[in-house]
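Asks:
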Amino acid sequence: MTDFDASDIAAMRKEGDLRSFMRDQLRAGRAKRTTQPAAVPAPKPPGYRAGAWPAGTRPPDPPPQHHPPAAWTAALDEYRDWLTAADHVELANPTTSRHTCGCPACAPRRNP
Numbered sequence: 508m509t510d511f512d513a514s515d516i517a518a519m520r521k522e523g524d525l526r527s528f529m530r531d532q533l534r535a536g537r538a539k540r541t542t543q544p545a546a547v548p549a550p551k552p553p554g555y556r557a558g559a560w561p562a563g564t565r566p567p568d569p570p571p572q573h574h575p576p577a578a579w580t581a582a583l584d585e586y587r588d589w590l591t592a593a594d595h596v597e598l599a600n601p602t603t604s605r606h607t608c609g610c611p612a613c614a615p616r617r618n619p
């Protein structure tokens, strides 16, 4: 859009040309606007099948098990022994920490 002062706008309004002038300005602005071409995706490699693992690869291994089954059994036996104990002083006072096992995850909870 070029420079116009108030007298030019007033004259166009008086003659009834302002509306058509503004539409022409909008059309010219739209014509100048350039659109970026859509990005062309890279070509697929030969032998590509959608959804399949690439040739020579396989799915990842499952995450490693952190505790062997014997550790789970030992922890369960220790908890059962604790349940069958006659004296549960920690249950009488709810502010004390509950029974914890010896695993590293429970170790920080032992010292509040």
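Throughout the sequence shown, residue numbering follows the working numbering, covering 508 to 619 in sequence. No residue lacks a Cβ here, since even glycine has one placed at the ideal position from N, Cα and C.
Our contact map puts Ala545 next to Gly554 with C-beta atoms below 8 Å; I'd like the distance itself, whole angstroms only.
Replies: At roughly 26 Å, the Cβ-Cβ gap does not stay under 8 Å, so Ala545 and Gly554 are not in contact.
Asks: Using only the alpha-carbon positions, how far apart do Trp560 and His573 sit?
Replies: Rounded to whole angstroms, Trp560 to His573 spans 28 Å at the Cα level.
Asks: Quick check for students: name the residue ranges of the beta strand (DSSP E) that lie wholly in the segment 551-590, counting only runs of 3 or more.
Replies: Whole beta strand (DSSP E) segments, 3+ residues: zero.
Asks: In angstroms, rounded to a whole number, what distance separates the CA positions of Pro590 and Pro575?
Replies: Inspection of the sequence shows that residue 590 is occupied by Leu rather than by Pro. Each residue's alpha carbon lies about 23 Å from the other.
Asks: On the DSSP letters alone, give me the boundaries of the alpha helix (DSSP H) that Asp515 sits inside.
Replies: Looking at the DSSP string, the run of the alpha helix (DSSP H) that includes Asp515 is Ala513 to Glu522.
Asks: In chain order, what residues of the same chain lie with their CB nearer than 8 Å to the CB of Leu525, ignoring the 5 residues before and after it?
Replies: Hits under 8 Å: Ile516 and Met519.
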